[in-house]
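Below: the structure, in structure tokens.
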Amino acid sequence: MKSVLIANRGEIAVRVARTLRRMGIESVAIYSEADRNSVHVRVADRSIELKGFPSSEIYLQSQLIIDIAKEEKVDGIFPGYGFLSENAEFARQCEKEGICFIGPTSEQIYQFGLKHISYELACEAKIPVLPRSELLNDIEDAKRQALRIEYPIMLKSTAGSGGKGMCQCWNEKDLENVYETVQRSAQKYLQNDGLYVEKYVEHGRHIEIQIFGDGKGFVRSFVERDCSLQRRNQKIVEESPATNLSDEIRCAMSNAAVQLASLVKYRSVGTVEFILDEKSKKFYFLEVNCRLQVEHPITEMIYGIDLVEWMIKLSSNEQIEQLKDFPKPIGCAIEVRLCSENPLNDFCPSTGKIYEIKFPQTTKNIRIDTWICNGIEICSFYDSLLAKIIVHGQNRQETIEKLSFVLQQIHLYGIETNLHFLRQLISSNFFLNEQNLSLQFLTKVFHYEPKGIEILQSGTFTTIQDYPGRIGFWNVGIPPSGPMDHFAFRIANRLIGNEENTSALEITLHGPQIRFHQSTTIAITGATMKITLDNKSIPLWKQIFVEKGQILEFGKLIDGCRTYLAVRGGFDVPSYLGSQSTFVLGQFGGFAGRILQSGDFLFLNSPISNEIPLNLPMEFIPVYPNRQKQEKWSIAVLHGPHGSPDFFSSEFIHEFLQSTWKVHHNSNRLGIRLIGPKPIWTRQSGGDAGLHPSNIHDCQYAIGSINFTGDSPVILTQDGPSLGGFVCPFTIIQADLWKIGQLKPNDQIQFYSISFDQALTLEKQQNHFISTLSSPAPSPPPSLQSFQCILKELKETSTQPRVVYRQAGDHYILIEYGSMNLDLHHRFRIHFLMEQLEKEKIQGIQEISPGVSSLQIHFDGKILHE
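Those letters in the sequence shown? Residues 1 to 866, per UniProt numbering, in order.
Next up, the structure:
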């Protein structure tokens, strides 16, 4: 066999392709449009897109797949599981076309695929079976048979497999409610609407035996697998060998499986499933799966074999040495299924983009079968399985410990999954102590308790931010994001003992409603809102203990614009480019790169900070201006980088500081627009940069710059543009940047100018106050009429152009080359200077960002002076 088409998708397609590569056999993958970014498309030697049918149905198009197999001249088709794997007609078509179907014969698939026929074969093999009916005629027939067998019963499709096409019924009303639904579902997904009823074992365990037959009458059985931990008939955890199973039952099950398979001279892999009644200790035949099982890796782990390789060798008429020299099983293996589903919402499927996935390194005893990668889109067309995590150990306790550790190392962000559910399940005392590991374990014994907060109502604009945000990417156009009001944000964290940079919620205008699923400590700071905890008002700027189950509700805004909610430990969201802050416009960071929505669940980190929670005296709480009383915001600025006399008249600079500016309604995290007097320019145009006098060659902006786009000023904020071609006459100082986070439409502002050293002193005092909360917040110094924005100027010479060093706030310097004409030589000089500064690695320089004819230096004022 030289080439094999994998008639499947997802993790099984990846797993088969890797075995084929190891065997030196060419793999041909097929994929739908929805799966174009799946890992299985990349790992295969060749990949063919399936076209002409909806993505949800395309893997079921047997004739299309056979046509592709003929066109690609493959020797065999590997069906995997699900889709066409147990379709007898598909196997028959392959046989007819001379293409090897890697699996059982079409006749065996037919015999065991229809449950009423497999039931007859089990009876012939003298295997215990549950009381059941013949194929039902209608609902009335179903009622009669159910009464004969006695409730509870299972209503099943005769063509069902993999937990599909079945429903549990406790009484006649249940049966009436589900009969037509199960019948329609069986016809749609299994192409057979034949149903029967079977006795339901209330205290049952699902035990299965892996078999492998040579097609000539020889059948080998393997150690059993316990697949009792199921939800809605879908397996969640599988382990081998089964715990608390007597040797007598183990041997009897194994013999029964071999006896049944031998009856039809079974070929290839298969699984005989039994139900074990924990009360009576009797077992009964359920069905035979004529395919590779999802959970086959745990058998492979304890035997050290590759069942896919065995299947391919058998189909190629090659000898399987291990089948004769059969290895002995060693230790214990457990598999868990990582799925895209929301445990908090009744395990409903979840869809969307996976922003980050990190799996631990695999080893001989740690195996991860998956098909996902960063950036892949999870759709609703297919099974929710994302990955299988399989761990092997010398005994059950060691295996559980390893598995628990591996699950802690997995990080997946972007969609809801059952990862936290699995972590809690595996570490539960019930599972560890082997208590009640039956089919009812997940519904009646184990109860999942998620650790985090649930967003019941999202509010206007609620995001996750951290401080100081995404630093170091300004030169490639990525803004820092982070809190608009860093002062309130940092204090909220300090109040509850978090480090001040810990992620927290930024809440704008109207807040969310949140249910806490664990007890924790919170602090709320910033803009005043009406806030209640279980309908009782709670204060801002204080520690608040919240008990599990309580609901925190934010009402409408009273003053300010943004409120901050810090929770002890912060939020478990990925760090993207060094920050957890949300950049909504860029669709990255925070929770799936967006504002929070109703139904979102935010997991909390365990507190790791050794910081001691602090109290904030009432007199230190900032008071925001009262708009009703015509109070204004007072905000300190430094002159520059573009000022008088080269851009603005000195009269306008004075007018700017003496005027009252009003906040425009079109203001947000990108920028705060202002309404005020029209500027007076000292030049007619921007030269080569543009016709308007506000135009300059594109340069990097400082956060807090007051930027004139034409005659209209805008304060550039945390999510604002990094680079542009407009002048900035003033820049807000670092210590007052928090105030722009509390500005809302129609607020009034009075700007005042101070010196660079005053700005540094204010920042130092502010940082000290936040770290201790024991000294008053810094008060503004008297206005200093300092309009010097050019720090240094080098005159043009025969060997160098004019160079101007411009002040751009208290954390930035803008180095400008030449005049307003465009000269590429200047750009080369800038690039050379940037490279030299990067090589020097000067302590205190945080970012170096080039423009067309300028270079901006972002420095730490605590380390470097301008």
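Every residue gets a Cβ at the ideal spot worked out from N, C-alpha and C, and that includes glycine.
C-beta atoms of residue i and residue j nearer than 7 Å
i, j, result
"residue 371", "residue 38", "yes"
"residue 452", "residue 245", "no"
"residue 108", "residue 264", "yes"
"residue 60", "residue 83", "yes"
"residue 423", "residue 407", "yes"
"residue 887", "residue 203", "The shown model of the chain, from 1 to 866, leaves out residue 887, and the question about it has no answer."
"residue 388", "residue 341", "no"
"residue 714", "residue 671", "yes"
"residue 731", "residue 808", "yes"
"residue 349", "residue 448", "no"
"residue 643", "residue 512", "no"
"residue 488", "residue 525", "yes"
"residue 661", "residue 640", "no"
For residue i, the first and last residue of its enclosing beta strand (DSSP E)
i, result
"residue 563", "551-567"
"residue 707", "705-709"
"residue 268", "267-277"
"residue 155", "153-157"
"residue 639", "633-639"
"residue 379", "Here residue 379 belongs to no beta strand (DSSP E), and DSSP marks it neither H nor E."
"residue 368", "366-370"
"residue 226", "225-231"
Given residue i as reference, the closest of the options once Cα atoms are compared
i, options, result
"residue 316", "65, 100 and 542", "100"
"residue 509", "743, 478, 181 and 235", "743"
"residue 13", "235, 808 and 41", "41"
"residue 171", "148, 113 and 562", "148"
"residue 256", "283, 240, 232 and 236", "283"
"residue 271", "203, 168, 233 and 220", "220"
"residue 186", "114, 119 and 217", "114"
"residue 479", "587, 495, 507 and 415", "587"
"residue 32", "503, 699 and 64", "64"
"residue 863", "772, 764, 775 and 683", "764"
"residue 165", "640, 188 and 146", "188"
"residue 89", "820, 110, 98 and 79", "110"
Cα-Cα separation between residue i and residue j, rounded to whole angstroms
i, j, result
"residue 857", "residue 538", "44 Å"
"residue 694", "residue 647", "8 Å"
"residue 375", "residue 355", "5 Å"
"residue 92", "residue 72", "19 Å"
"residue 811", "residue 385", "49 Å"
"residue 175", "residue 193", "16 Å"
"residue 45", "residue 28", "6 Å"
"residue 117", "residue 345", "39 Å"
"residue 233", "residue 243", "20 Å"
"residue 197", "residue 575", "52 Å"
"residue 446", "residue 231", "12 Å"
"residue 319", "residue 77", "20 Å"
"residue 300", "residue 444", "31 Å"
"residue 469", "residue 483", "8 Å"
"residue 463", "residue 493", "16 Å"
"residue 633", "residue 547", "38 Å"
Span of the alpha helix (DSSP H), counted from its first residue to its last, around residue i
i, result
"residue 297", "296-303"
"residue 829", "824-840"
"residue 756", "756-772"
"residue 698", "Per DSSP, residue 698 belongs to no alpha helix (DSSP H); it is in the beta strand (DSSP E), 695-700."
"residue 883", "Lying before the first or after the last residue shown, residue 883 is absent from the chain, which here runs from 1 to 866."
"residue 70", "62-71"
Nonlocal neighbours in the same chain, by C-beta distance under 8 Å from residue i, ignoring five residues either side
i, result
"residue 2", "25, 26 and 75"
"residue 795", "802"
"residue 415", "340, 350, 351, 352, 353, 354, 378 and 592"
"residue 848", "475, 834, 837, 838, 855, 856, 857 and 858"
Neighbourhood of residue i by C-beta, 7 Å cutoff - its chain only, sequence neighbours within 5 removed
i, result
"residue 250", "224"
"residue 792", "805"
"residue 123", "129"
"residue 612", "497"
"residue 286", "273, 274 and 275"
"residue 396", "243 and 332"
Residues near residue i by beta carbon distance below 6 Å, same chain, minus five either side
i, result
"residue 394", "331"
"residue 105", "267"
Neighbour flag for residue i against chain C, beta carbons, 7 Å
i, result
"residue 42", "No chain C appears in this structure, which consists of one protein chain only."
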